[in-house]
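Protein chains in written order, with the UniProt record's numbering: chain A, 1 to 339; chain B, 1 to 339. Note that the Cβ used here is the ideal one computed from N, Cα and C, for glycine as well.
Number of protein chains: 2
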Amino acid sequence: METFPKSPTIGDVARAAGVSPATASRALTGRGAVAPATRARVEYAAAELGYSVDINAASLVTGRSHAIGVVSPSVGRWFFGEVLEGIQEALQQAHYDLVLYHVRRGTASRADVFRYFLGRRRFDGIIVAGLDPDMAEVEQLTQLRLPLVSIGGYDLGTSLVSIDDHAAARVATEHLIQLGHRDIAFVGGDPDGRKSSFGDAKRLAGYREAMAHAGLDELSRHAQSEVSVPGGYQVATGLLGDQRTRPTGIVAVCDEVAIGVVTAAQRLGISVPNELSIVGIDDHEHAEMFGLTTVRQRPHEQGIAAAQLLLERLGDPTLPPERIIEPTALALRASTSAP
Amino acid sequence: METFPKSPTIGDVARAAGVSPATASRALTGRGAVAPATRARVEYAAAELGYSVDINAASLVTGRSHAIGVVSPSVGRWFFGEVLEGIQEALQQAHYDLVLYHVRRGTASRADVFRYFLGRRRFDGIIVAGLDPDMAEVEQLTQLRLPLVSIGGYDLGTSLVSIDDHAAARVATEHLIQLGHRDIAFVGGDPDGRKSSFGDAKRLAGYREAMAHAGLDELSRHAQSEVSVPGGYQVATGLLGDQRTRPTGIVAVCDEVAIGVVTAAQRLGISVPNELSIVGIDDHEHAEMFGLTTVRQRPHEQGIAAAQLLLERLGDPTLPPERIIEPTALALRASTSAP
DNA sequence: CGGAAAAGCGGAAGCGTTTTCATCCCTACG
DNA sequence: CGTAGGGATGAAAACGCTTCCGCTTTTCCG
Numbered sequence: 001m002e003t004f005p006k007s008p009t010i011g012d013v014a015r016a017a018g019v020s021p022a023t024a025s026r027a028l029t030g031r032g033a034v035a036p037a038t039r040a041r042v043e044y045a046a047a048e049l050g051y052s053v054d055i056n057a058a059s060l061v062t063g064r065s066h067a068i069g070v071v072s073p074s075v076g077r078w079f080f081g082e083v084l085e086g087i088q089e090a091l092q093q094a095h096y097d098l099v100l101y102h103v104r105r106g107t108a109s110r111a112d113v114f115r116y117f118l119g120r121r122r123f124d125g126i127i128v129a130g131l132d133p134d135m136a137e138v139e140q141l142t143q144l145r146l147p148l149v150s151i152g153g154y155d156l157g158t159s160l161v162s163i164d165d166h167a168a169a170r171v172a173t174e175h176l177i178q179l180g181h182r183d184i185a186f187v188g189g190d191p192d193g194r195k196s197s198f199g200d201a202k203r204l205a206g207y208r209e210a211m212a213h214a215g216l217d218e219l220s221r222h223a224q225s226e227v228s229v230p231g232g233y234q235v236a237t238g239l240l241g242d243q244r245t246r247p248t249g250i251v252a253v254c255d256e257v258a259i260g261v262v263t264a265a266q267r268l269g270i271s272v273p274n275e276l277s278i279v280g281i282d283d284h285e286h287a288e289m290f291g292l293t294t295v296r297q298r299p300h301e302q303g304i305a306a307a308q309l310l311l312e313r314l315g316d317p318t319l320p321p322e323r324i325i326e327p328t329a330l331a332l333r334a335s336t337s338a339p
Numbered sequence: 001m002e003t004f005p006k007s008p009t010i011g012d013v014a015r016a017a018g019v020s021p022a023t024a025s026r027a028l029t030g031r032g033a034v035a036p037a038t039r040a041r042v043e044y045a046a047a048e049l050g051y052s053v054d055i056n057a058a059s060l061v062t063g064r065s066h067a068i069g070v071v072s073p074s075v076g077r078w079f080f081g082e083v084l085e086g087i088q089e090a091l092q093q094a095h096y097d098l099v100l101y102h103v104r105r106g107t108a109s110r111a112d113v114f115r116y117f118l119g120r121r122r123f124d125g126i127i128v129a130g131l132d133p134d135m136a137e138v139e140q141l142t143q144l145r146l147p148l149v150s151i152g153g154y155d156l157g158t159s160l161v162s163i164d165d166h167a168a169a170r171v172a173t174e175h176l177i178q179l180g181h182r183d184i185a186f187v188g189g190d191p192d193g194r195k196s197s198f199g200d201a202k203r204l205a206g207y208r209e210a211m212a213h214a215g216l217d218e219l220s221r222h223a224q225s226e227v228s229v230p231g232g233y234q235v236a237t238g239l240l241g242d243q244r245t246r247p248t249g250i251v252a253v254c255d256e257v258a259i260g261v262v263t264a265a266q267r268l269g270i271s272v273p274n275e276l277s278i279v280g281i282d283d284h285e286h287a288e289m290f291g292l293t294t295v296r297q298r299p300h301e302q303g304i305a306a307a308q309l310l311l312e313r314l315g316d317p318t319l320p321p322e323r324i325i326e327p328t329a330l331a332l333r334a335s336t337s338a339p
């Protein structure tokens with residue numbers, strides 16, 4: 001095992017194997033014809049020297065960087081964490097690197113990312129997750145002329161992976177209606193979804209449609225909150241405090257909010273589901289522990305699907321955009337019953 | 001605004017500004033002397049053309065890729081999500097990209113990452129967060145000869161950012177002892193920390209030391225569990241079920257486990273803190289909502305500190321390794337009282 | 001005012017890789 | 001047996017950028 005002051009190049013490998021750099025490259029990349037015996041010699045030499053391709057040099061000539069960019073406003077929230085892990089899983093199998101850009105809404109660095117970071121040809125394609133970009137950002141995104149896949153609702157007119165948020169909330173609401181509930185509140189998010197994610201607004205609309213369809217327009221109400229466990233807890237503490245105005249059923253914008261609501265109910269001594277039925281959306285990893293009835297989605301699978309969609313389009317950029325709507329299903333647990 | 005069939009190069013910018021590529025490069029990178037008027041012309045031309053440097057070509061010649069790698073076994077858990085966001089924040093300010101490698105323990109792709117991904121000179125330095133690498137992996141990491149910073153306990157002999165896990169658990173335990181508790185259990189993690197993170201084992205040791213110091217060795221006990229909210233919930237359900245063997249105080253390996261324990265206690269009708277005191281470690285974003293007494297740490301700040309440590313060493317590789325022990329502090333809330 | 005130093009700039013080399021093109025040799029087929 | 005075809009290989013160009021080197025011009029100071 002020879003030691004190099006600096007990393008060995010393909011020239012070093014070629015010399016050690018007694019071939020030209022061209023042949024060494026062919027042997028190692030698998031492109032072009034090379035005799036089996038030669039290939040073995042090259043591979044042996046490469047292993048012996050601890051050779052690893054310099055991805056920058058390779059990218060320069062091929063124009064492919066073998067990485068994809070992921071832009072997301074959050075990594076800590078369950079949905080995004082799961083999506084990210086799914087993307088990673090698919091990318092690692094394809095030997096692609098993942099370059100992460102965290103763009104919290106309204107931060108200065110967010111503008112930097114769009115203006116400065118995204119244009120450097122560091123990646124071959126891009127996945128935007130749960131992003132609600134403004135016009136300028138959309139422009140900058142399309143300007144890149146890179147294959148793009150969107151996850152989680154916002155429709156850029158490109159390939160897209162999502163659930164039907166509208167239908168998910170409708171199903172959740174209809175579940176409560178079928179159980180006999182009439183006074184059903186929707187908890188979480190803000191009215192137009194500007195401050196939360198784009199899908200949240202669609203879920204609210206799905207709830208409203210189900211209510212209207214059952215002739216319950218009058219009873220529709222929306223309690224805004226931050227989209228988080230404490231957010232749900234806080235708003236539920238207010239909403240459930242007065243027994244006279246308390247609804248019998250709650251549809252939460254997502255499981256995190258639903259868990260906050262469940263916790264608040266417990267704290268207030270309100271029995272779930274006897275006195276209050278709660279249904280969430282997500283099937284969060286804690287949903288089972290809280291016995292939460294919810295509409296299941298699989299963000300991990302969505303991440304994988306998005307990455308695969310993107311990888312396909314890296315291989316063949318002429319492929320038309322594809323829209324994948326992932327299935328959802330009601331998961332019945334112990335947080336809902338007849339009123 | 002001229003449109004290019006392909007992205008404009010620095011040659012295009014130079015031509016538009018009426019200078020040589022060399023001068024254009026100097027003007028844009030800020031290295032080397034260039035007249036103010038010339039710089040302005042070049043910058044104007046670059047903006048007009050929508051020029052953005054090809055980072056691969058630049059990396060090839062400078063040997064710096066302006067990216068750093070982050071290796072972590074999780075992104076969804078609170079601690080790692082916070083760390084990741086902190087790292088991002090610091091890196092974005094320095095115009096560095098973040099390349100993420102998710103290495104779950106025992107997966108095939110983990111081996112791939114160490115064998116294949118890490119050696120491609122895609123990044124200039126590396127941060128490992130909460131990793132418990134085996135010997136081969138440590139070898140591969142040091143083989144890279146790249147500046148490295150470790151977060152969260154495992155000591156590779158390099159620069160490092162961490163809290164004193166041992167002391168944190170000791171403080172938590174002593175808090176209960178001072179309140180008058182004697183029968184105190186430690187919940188979460190496995191004995192040697194092999195399956196959970198490295199710091200968890202140190203926390204267990206800190207608990208044991210505090211117990212021993214108070215002459216309570218005999219009463220020391222450790223209830224193993226997955227390090228998660230459901231994990232804490234599950235083990236607490238068993239531990240608290242039998243009133244005769246129920247401890248009066250619990251030290252949880254982290255707040256996620258502690259929250260699981262609190263929830264289990266509520267479900268079992270055990271009053272916190274009247275019948276059971278619980279103290280966590282972390283100051284998780286949900287700790288306040290659950291009224292959890294805990295030992296606070298700030299993973300977001302640790303992420304920032306680690307990134308800064310690394311960036312400094314990128315600028316001057318001769319800098320000696322530095323070990324930053326971040327402070328912790330007991331945060332008193334409503335989950336602890338005298339027994 | 002004269003000379004030294006510094007500033008400003010262009011030409012060209014070079015980073016490590018892939019790929020085109022040309023060459024050589026072997027096989028297979030008429 | 002002659003030749004077409006294809007497999008295997010090497011030489012060299014090219015990718016886009018930064019930087020070294022050298023040249024000219026300006027500035028500064030005694």
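Between Val-279 (chain B) and Thr-294 (chain B), the C-beta spacing is below 8 Å. Each residue's CA atom was taken as its position, placing Val-13 (chain B) and Met-135 (chain A) some 27 Å apart. If you look at Thr-293 (chain B), you'll find it in the beta strand (DSSP E) that goes 293-296. Residues of the same chain with a CB within less than 7 Å of the CB of Leu-319 (chain A), apart from the 5 flanking positions on each side, are Glu-312, Arg-313 in chain order. DSSP places His-300 (chain B) within a helical segment (H, G or I) once states are collapsed to three. Around Ala-168 (chain A), the same chain offers Arg-203, Gly-206, Ile-281, Val-295, Gln-297, Thr-328 as residues with beta carbons nearer than 8 Å, after the five sequence neighbours per side are excluded. Taking 8 Å as the CB threshold, Phe-114 (chain B) stays off the interface with chain A. Across the structure, Val-113 (chain B) and Phe-79 (chain B) are spaced so that their CA atoms are roughly 22 Å apart.
For Asp-97 (chain B), the uninterrupted beta strand (DSSP E) segment begins and ends at 97-102.
Rounded to the nearest whole angstrom, the C-alpha separation of Arg-31 (chain B) and Val-42 (chain B) is 14 Å. Setting aside the 5 residues that flank it on each side, Ala-287 (chain B) is surrounded in the same chain by Asp-255, Thr-294, each with a C-beta closer than 6 Å to its C-beta; the list follows chain order. Of the residues B:Leu-292, B:Leu-309, B:Val-70, the one whose Cα lies closest to the Cα of Leu-160 (chain B) is B:Leu-309. For the pair Gln-143 (chain B) and Arg-105 (chain A), the Cα-to-Cα distance works out to about 39 Å. Residues of the region 48-62 of chain B that bring their beta carbon within less than 8 Å of a beta carbon in chain A comprise Gly-50, Ser-52, Val-53, Asp-54, Ile-55, Asn-56, Ala-57, Ser-59, Leu-60, in sequence order. In summary, no residue of the region 15-46 of chain B has a CB separated from any CB of chain A by less than 9 Å. A direct Cα-to-Cα measurement between Ser-25 (chain A) and Val-34 (chain B) gives close to 40 Å. Segment contact: the region 61-69 of chain B against the region 95-110 of chain B, three or more CB-CB distances shorter than 8 Å; contact assigned. Leu-148 (chain A) sits in a strand when the DSSP states are folded into three classes. If you check the CB distance, Gly-232 (chain A) and Gly-215 (chain A) do not come in under 8 Å. For Phe-117 (chain A), the chain B residues whose Cβ falls inside 9 Å of its Cβ are Gln-92, His-95, Asp-97, in order along the chain.
Ile-55 (chain B) carries a helical assignment under DSSP once its states are collapsed to helix, strand and coil. Per DSSP, the unbroken alpha helix (DSSP H) holding Glu-137 (chain A) starts and ends at 135-143. Look at the beta carbons and you see the region 77-92 of chain B not touching the region 46-55 of chain B: under three pairs across the two are nearer than 8 Å. Per DSSP, Asp-155 (chain A) lies in no beta strand (DSSP E) and is assigned neither H nor E.
Looking at the DSSP output, Ile-184 (chain B) shares a beta bridge with B:Gly-249. In the three-state reduction of the DSSP assignment, Val-279 (chain A) falls in the strand class, which pools E and B.
With respect to the 8 Å criterion, Asn-56 (chain A) and Ser-59 (chain B) are classified as neighbours on the basis of their beta carbons.
The residues Val-251, Val-279, Ile-281, Val-295, in chain order, have a CB closer than 7 Å to that of Ala-172 (chain A) in the same chain once the five nearest residues on each side in sequence are set aside. Using a Cβ-Cβ cut-off of 9 Å, Met-135 (chain A) is close to nothing in chain B; its nearest Cβ partner there is about 17 Å away. Taking 4 residues as the minimum length, the alpha helix (DSSP H) runs contained wholly in the region 194-277 of chain B are 198-213, 229-239, 255-268, in order along the chain. Residues of the region 256-267 of chain B with a Cβ closer than 7 Å to any Cβ of chain A, in chain order: Gln-266.
Using a CB distance cut-off of 8 Å, Val-227 (chain B) does not count as an interface residue toward chain A. According to the DSSP assignment, Gly-11 (chain B) belongs to the alpha helix (DSSP H) that extends over 10-17. In this structure, DSSP gives Ala-67 (chain B) an extended state, which the three-state scheme calls strand. Assigned with DSSP and collapsed to three states, Ala-111 (chain A) falls in helix. Residue environment for Glu-218 (chain B): exposed (fewer than 16 other C-beta atoms within 10 angstroms of its C-beta).
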